[in-house]
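Visitor: Following this message is one structure expressed as structure tokens.
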Amino acid sequence: MKITIHRGIDQIGGCITEITTAEARIVIDLGQNLPRGDEEVKDNLASREAIESITSGVDAILYTHIHGDHFGLFNLVPEGIPQYVGKVSKDVSICKLKRLGHIKGREKQTAGEIERVSKMSPIEASITIQIKDIKITPYFVSHSAYDAFMFLIEADGFRLLHTGDFRSHGYLGKGLIPTIKKHIVGTGPVDILITEGTMVSRLVEDVKHESELSGELTEIFKEKKNVFVWSSSTDLERLATIYSAYQEIKRGPFVCDDYQAEIFKIFSESAGTHAGIFKFGKAYTYSDGNLLLNNWMKKEGFCMLVRPTEKYSSYVDKILPELDPAETVLIYSMWKEYINPKSEHAKSDYLNFLAKFPEYRQIHTSGHASPQCLAEVCNLVNPRLVIIPIHSEKSADFKSLAIRDELKERIITESYMFDNLDICLRGKVSNI
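With positions in the sequence shown counted from 1, the corresponding number in the working numbering is that position plus 461.
Next comes the structure, spelled out in structure tokens:
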């Protein structure tokens, strides 16, 4: 077996992992590099020529989830190579692309992207995918993108766990350790662990459970009459936290746009059939001309989901002058560095949108595993040969985690060779 980390060592995002045997080649994720603040994305692999080179002779590409830093280069894959993604992820991606298709000048590109996603084969939890002599079994994980998976990969006598992005502090996170115990280590020893390590470089971030956020939100909903909430439009667990917290106070309407309502419908008809917290009830679709809704919002108060777009800027500019500033607040529920003016990750459109509101408060928790969770997973999986940390700003810092000393010795951030196992770590920042 040969494992090639094309990208992912010493950087967050842009993940591309290849696994090769004598019979088959698969790729896990084709992620685009993340931008820094307002800069354009710098990505020397974001071209058809580069992706054709990486995927030449590949039998299948499997995506752990649909965030752009794992999924963003899908449209550059040559026709004829099978691509696999979660069934719900596929629906969400198509819904999002249809919205992007409204952007002038992007219609043709979006139509092509929708066609590519529509042709992708679905990944379903616990349903094995056989690609020649490589066996891949996906298992659900909690992440800030619903329908995310880790993959147990078996080939050439090796068992490899690729975690994708995951966490234990979401509603779905309670299944992480039981799943690993029963389906991963419970079915045989793991030889290789490829794991994310985002939070290793963010040790000072406060990692809370989603249920804690729900309590904080409820208190603000009780305190303030008019509440705008800014969060990811596709983060199922955060949306469920916001929606359920607002239902606790039984006040005015819960408001969003037609795109967000469609995402709610997808989630309600999938995750909502398994757990009530993911079943979204009535959400009212905002429009300037809906006087009945507008008057209800002004009279009774509201919770309105917003995003930093031209459309929402127009909505907010119309609504805010009619509200009492003392009773109005924006809840920002995304990564804090995007709105930190001193951060290299700061986004000017985010800061400009934020400045419209009389007051804002931050309520957020990461979509990634805490250092404690990373250590618990490493100790539990206990790989016999190596731990390969990816999706981390400094992969070598993985050795600072509270894992057993013998496991620390198995962490590698440089290429390595064992009997019948070749590990090629191309994806160091210095190489790309």
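Quick reminder that beta carbons are idealized off the backbone N, C-alpha and C, glycines included.
1) Quick check on DSSP: helix, strand or coil for His852?
2) Would you list the one or two residues that DSSP bridges to Tyr877?
3) In the DSSP assignment, the beta strand (DSSP E) including Gly547 goes from what residue to what residue?
4) Just how far apart, CA to CA, sit Glu510 and Thr465?
5) May I have the straight-line CA-CA distance separating Gly469 from Ala586, to the nearest angstrom?
6) Can the beta-carbon of Met660 be found less than 8 Å from the beta-carbon of Ser831?
7) Using the three-state DSSP reduction, which class does Ile487 fall into: helix, strand or coil?
8) So Ile575 is in the alpha helix (DSSP H); what residue range does that whole segment cover?
9) Per the DSSP calculation, Leu613 is bridged to which residue(s)?
10) With a cut-off of 8 Å, do at least 3 Cβ pairs link the region 547-556 to the region 608-628?
11) Determine the DSSP secondary structure at His467, reduced to helix, strand or coil.
12) Who are the Cβ neighbours of Ile872 in its own chain at under 6 Å, not counting the five residues just before and after it?
13) By the 10 Å Cβ neighbour count, where 16 or more other Cβ atoms means buried, how is Lys683 classified, buried or exposed?
14) By Cβ distance, which residues of its chain are closer than 7 Å to Pro786, with the 5 residues on each side in sequence left out?
15) To the nearest angstrom, report how far apart Lys808 and Ile800 are at their CA atoms.
16) Give every residue of the same chain whose Cβ lies closer than 7 Å to the Cβ of Gly456, excluding the five residues on either side of it in the sequence, and list them in chain order.
17) Is Ser629 closer than 8 Å to Leu637 when the C-beta atoms are compared?
18) Is it buried or exposed, Thr624, if we count other Cβ atoms within 10 angstroms and call 16 or more buried?
19) Please classify Leu753 as buried or exposed, where buried requires at least 16 neighbouring CB atoms within 10 angstroms.
20) Could you give the DSSP three-state label for Asn892: helix, strand or coil?
21) Grouping DSSP H, G and I as helix and E and B as strand, with all else coil, what is Met660?
22) Between Ile597 and Ile527, what straight-line distance do the alpha-carbon atoms span, to the nearest angstrom?
23) Need the endpoints of the alpha helix (DSSP H) that Cys839 sits in, please.
24) Run through the region 625-687 for me and flag every whole alpha helix (DSSP H) of 4 or more residues, listed as ranges in chain order.
25) Please classify Trp691: does DSSP put it in a helix, a strand, or coil?
26) Below 8 Å, how does it come out for the region 501-520 and the region 574-585: are there three or more Cβ pairs, yes or no?
27) Is it a yes or a no for the region 702-716 touching the region 756-770, going by three-plus beta-carbon pairs under 8 Å?
28) Under 8 Å Cβ to Cβ from Cys556, same chain only, skipping five residues before and after it: list those, please.
29) Can Val646 and Val790 be called in contact, C-beta distance under 8 Å?
30) Is it right to say Met878 is buried, meaning 16 or more other beta carbons lie within 10 angstroms of its own, or is it exposed?
31) Assuming Thr826 contacts Leu674 (C-beta within less than 8 Å), just tell me the rounded distance between them.
32) Compute the Euclidean distance between the alpha carbons of Asp471 and Lys686, then round it to the nearest angstrom.
33) Assuming Glu479 is part of the alpha helix (DSSP H), what are its boundary residues?
Guide: Result, derived from the coordinates:
1) In the structure shown, His852 sits in coil (DSSP, three-state: anything other than H, G, I, E or B).
2) Bridge partners of Tyr877: Ile884.
3) Boundaries of the beta strand (DSSP E) harbouring Gly547: Gln544 to Gly547, taken from the DSSP string.
4) Rounded to whole angstroms, the separation of the alpha carbons of Thr465 and Glu510 is 19 Å.
5) So the alpha carbons of these two residues sit roughly 25 Å apart.
6) Contact annotation: Met660 and Ser831 have beta-carbon atoms nearer than 8 Å.
7) Assignment of Ile487 by DSSP, reduced to helix, strand and coil, places it in the strand class.
8) Under the DSSP assignment, Ile575 falls in the alpha helix (DSSP H) whose first and last residues are Glu568 to Ser579.
9) Bridge partners of Leu613: Thr598 and Leu622.
10) The region 547-556, when compared against the region 608-628, does touch it at the 8 Å Cβ threshold.
11) Annotated three-state conformation of His467 is strand, per DSSP.
12) Beyond the five residues adjoining it in sequence on each side, Ile872 comes within less than 6 Å, by CB distance, of Ile848, Phe859 and Lys860 in the same chain, given in chain order.
13) Per the 10 Å Cβ criterion, exposed.
14) Excluding sequence neighbours, Pro786 sits near Pro819.
15) Distance between the alpha carbons of Lys808 and Ile800 is about 7 Å.
16) The chain is shown from 462 up to 893; residue 456 falls before or after that span and cannot be answered.
17) Judged by their CB atoms, Leu637 and Ser629 are nearer to each other than the 8 Å cut-off.
18) With 16 or more Cβ atoms within 10 Å of its Cβ, Thr624 is classed as buried.
19) Exposed, by the Cβ-count rule.
20) Below a pLDDT of 50, predicted positions are generally treated as unreliable, and Asn892, at 37, falls in that range; the measurement from the model is reported next regardless. In this structure, Asn892 counts as helix in the three-state DSSP scheme.
21) The DSSP-derived three-state label of Met660 is helix.
22) Cα to Cα, the separation comes out at about 18 Å.
23) Secondary structure note for Cys839: its alpha helix (DSSP H) is the uninterrupted segment Pro832 to Val842.
24) Scanning the region 625-687 from its first residue to its last, the whole alpha helix (DSSP H) runs of 4-plus residues come out as 637-640 and 671-684.
25) In the three-state reduction of the DSSP assignment, Trp691 falls in the strand class, which pools E and B.
26) Contact between the region 501-520 and the region 574-585 is absent, because fewer than three Cβ pairs lie under 8 Å.
27) Contact holds: three or more Cβ-Cβ distances are below 8 Å.
28) Residues Tyr720, Glu723, Ile724 and Ile727 of the same chain have their beta carbon placed closer than 8 Å to that of Cys556, with the five preceding and five following residues left out of the count.
29) No, the Cβ-Cβ distance between Val646 and Val790 is not below 8 Å.
30) Note on Met878: under 16 other CB atoms within 10 angstroms of its CB, so exposed under the neighbour-count rule.
31) Yes, they are in contact, since the Cβ atoms of Thr826 and Leu674 sit about 6 Å apart, within 8 Å.
32) Spanning the two alpha carbons is a distance of roughly 45 Å.
33) Per DSSP, Glu479 belongs to no alpha helix (DSSP H); it is in the beta strand (DSSP E), Ile477 to Thr481.
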